[in-house]
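Student:
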Amino acid sequence: ATLMFFWHVAPRLASGPFWFAWEGMIEKCDQYWWTNFLFIQNVHPFNASETDGCFLVSWYLALDMQLTVLAVPFLGFYLSMCNGNKAGTKTATTTAAKSSALPKLMVALTIVASTAAAYWYSIVTGVSALSFDGDKVAVYSQYFYTKPWFRAPPYFIGIFGAMMWLDKDRRRSTSMAVCGECWKRAEPLIMVLLLLASGYIAVGWGLSGYQQRPCQFNEWNHECGSNWSVSSRAAYNAMAPVLWSLCVGGVCRGCFSGRGGLVGWFLTHPGWAPLARLSYGAYLIHPIVILSMVLTGTEKIRFDQNSFLSYYIASCVVTFAAAMTVSLVIESPINVLTRRIIGKDTARASDTEDTRAMGPMASTTNLSSNSLKHLNMGQVTLSPKLQVQQQAAPSSVPPSTGRRARASLGEKEPLVVVQRAINI
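Heads up: the sequence shown at position 229 corresponds to 340 in this note's numbering, and the numbers run straight through without jumps.
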């Protein structure tokens, strides 16, 4: 829907001396619109940069889809290897650790291979991620920045971290419990250090490459650009995403475990929830808002701090207001409808499983799959047959027994629940 709005509706909403730039983007959509539906706009045309495709930021959606599909075999292999090894015995723990080692090794090798490929390509071509480096930046945008084989490490570091998180309960021992206490005490400080390190990698590391004037497209000398060596640019291109992802992964682990201290409190504060729900819509809408503000002007934008701050605030307000409208009108109704459909299917499947699990008892008591209706909050509504049996129960049975039977519905033994209800 956003693509269609960008392609067919937005160009007709305004005009201006710079509006012809939007027409150039429409021509790309006329030619390559189908790549957005196949999620290949970041690799076709192969030499297109992140701003050359139809609808600008959509290349990132393609990248997400491609790496998600690529991750499915790794996750499926991991879950299949760990399946059946969840028992708490020492043998099961050892077996589970050995079973999960191979999938994690494969993920780690994928990270290493992608990082090595990024370093090798940067050495061979001399590409640069620093925007002052002239034509080296153009090559970086065309053949490096949007390609999944170079962007894979952060995604697979997240997958590796998820595997480690799922395995944490299998690796508990006395020595690890002692180490765990030490980690709990040090984790808030480690969170702050990781956050500072991620900020340095994202901003501080590259600042030294912006101390000189920008190079022209075909200019390359020691008086302009970053003045970094080829090996320094290659190390930055290959290692910065990996190190940044490791730092962010450490921060996430602290937040998930509830021991993040002040950093964890700030990042997990409920006040971020509304913005988080609108973030995806804001990502899709913000190019339309920015282009509309820039291309309708009567003169080129001259940079100064006040103008930049005004444009930034106005873009944020309009973008999130539009994202909220889209969320209320389109996204939220679809999510509610999807939950209801999935909820009905889940309830049906649950009733079927209950009937199968009851086995001979179901035929003896003549209970159908709807004899026991599950409700939230650990409550239960008995079928008429069970209610009659409950009324016919001896008066010597304490009333609290029925409450205990009803409260035990949330446990993992539904047969015991039904048997207690029948005995009342």
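From the three backbone atoms N, C-alpha and C, an ideal C-beta is built for every residue, glycine too.
Hey, is the stretch 261–278 in contact with the stretch 325–345, meaning 3+ C-beta pairs nearer than 8 Å?
Tutor: Verdict: no, contact absent.
Student: How close, in whole Å, do the beta carbons of PHE150 and MET192 come, if the pair is a contact with beta carbons under 8 Å?
Tutor: So it is not a contact: roughly 29 Å between Cβ atoms.
Student: Taking buried to mean at least 16 other C-beta atoms within 10 Å of its own C-beta, is GLY310 buried or exposed?
Tutor: Per the 10 Å Cβ criterion, exposed.
Student: So which of ALA212, GLU330, ASN348, TRP144 has the shortest CA-CA distance to TYR251?
Tutor: Checked all of ALA212, GLU330, ASN348, TRP144; the closest Cα to TYR251 is ASN348.
Student: Since ASP175 is in the alpha helix (DSSP H), which residue starts that stretch and which ends it?
Tutor: Unbroken alpha helix (DSSP H) run through ASP175: 169–193.
Student: How is the alpha helix (DSSP H) around THR138 delimited, first residue to last?
Tutor: It should be noted that the sequence gives Glu, not Thr, for residue 138. Per DSSP, GLU138 belongs to the alpha helix (DSSP H) from 131–149.
Student: Are the beta-carbon atoms of GLY110 and ALA434 separated by less than 8 Å?
Tutor: Here the chain comprises residues numbered 112 to 535, so residue 110 is not present and cannot be evaluated.
Student: Rounded to whole angstroms, what's the CA-CA distance from MET488 to CYS366? Just pull it up for me.
Tutor: Note that MET488 scores a pLDDT of 37, beneath 50, so its modelled location is shaky and nothing firm can be said.
Student: Along the chain, where does the alpha helix (DSSP H) containing SER426 start, and where does it finish?
Tutor: 416–437 is the span of the alpha helix (DSSP H), which, as asked, contains SER426.
Student: Inspect the beta-carbon positions of GLY320 and PHE414 and report whether they are closer than 8 Å.
Tutor: No, they are not a contact pair.
Student: Would DSSP call ARG450 helix, strand or coil?
Tutor: Helix at ARG450.
Student: Just how far apart, CA to CA, sit LEU373 and VAL218?
Tutor: Distance between the alpha carbons of LEU373 and VAL218 is about 32 Å.
Student: Check SER443 in the structure and name its three-state DSSP category.
Tutor: Of the three classes helix, strand and coil, the one that applies to SER443 here is helix, per DSSP.
Student: Closest Cβ-Cβ distance between PHE414 and chain B: below 8 Å?
Tutor: Any reference to chain B falls outside this structure, which holds one protein chain only.
Student: Tell me the DSSP secondary structure of ARG370 in three-state form.
Tutor: Note: ARG370 maps to coil in three-state DSSP.
Student: So does the stretch 439–451 actually touch the stretch 156–169, counting three or more Cβ pairs closer than 8 Å?
Tutor: Verdict: no, contact absent.
Student: Could you pull out every residue in the same chain whose Cβ sits closer than 8 Å to the Cβ of GLY127, ignoring the five residues on either side in sequence?
Tutor: Same-chain partners within the cutoff: LEU406, THR407, GLY408, THR409.
Student: Using CA coordinates, which residue listed in SER342, TRP130, PRO156 is at the minimum distance from GLN538?
Tutor: With the chain covering 112 to 535 only, the question about residue 538 has no answer from this structure.
Student: Count the other C-beta atoms from every protein chain shown that fall within 10 angstroms of the C-beta of TYR189, then say buried if there are 16 or more, exposed otherwise.
Tutor: So TYR189 counts as buried.
Student: By the 10 Å Cβ neighbour count, where 16 or more other Cβ atoms means buried, how is ARG174 classified, buried or exposed?
Tutor: The identity of residue 174 in the sequence shown is Leu, whereas the question assumes Arg. When all chains shown are included, LEU174 counts as buried.
Student: Under the three-state reduction of DSSP, which class applies to CYS326: helix, strand or coil?
Tutor: Looking at CYS326 - three-state DSSP - the assignment turns out to be coil, as it is neither helix nor strand.
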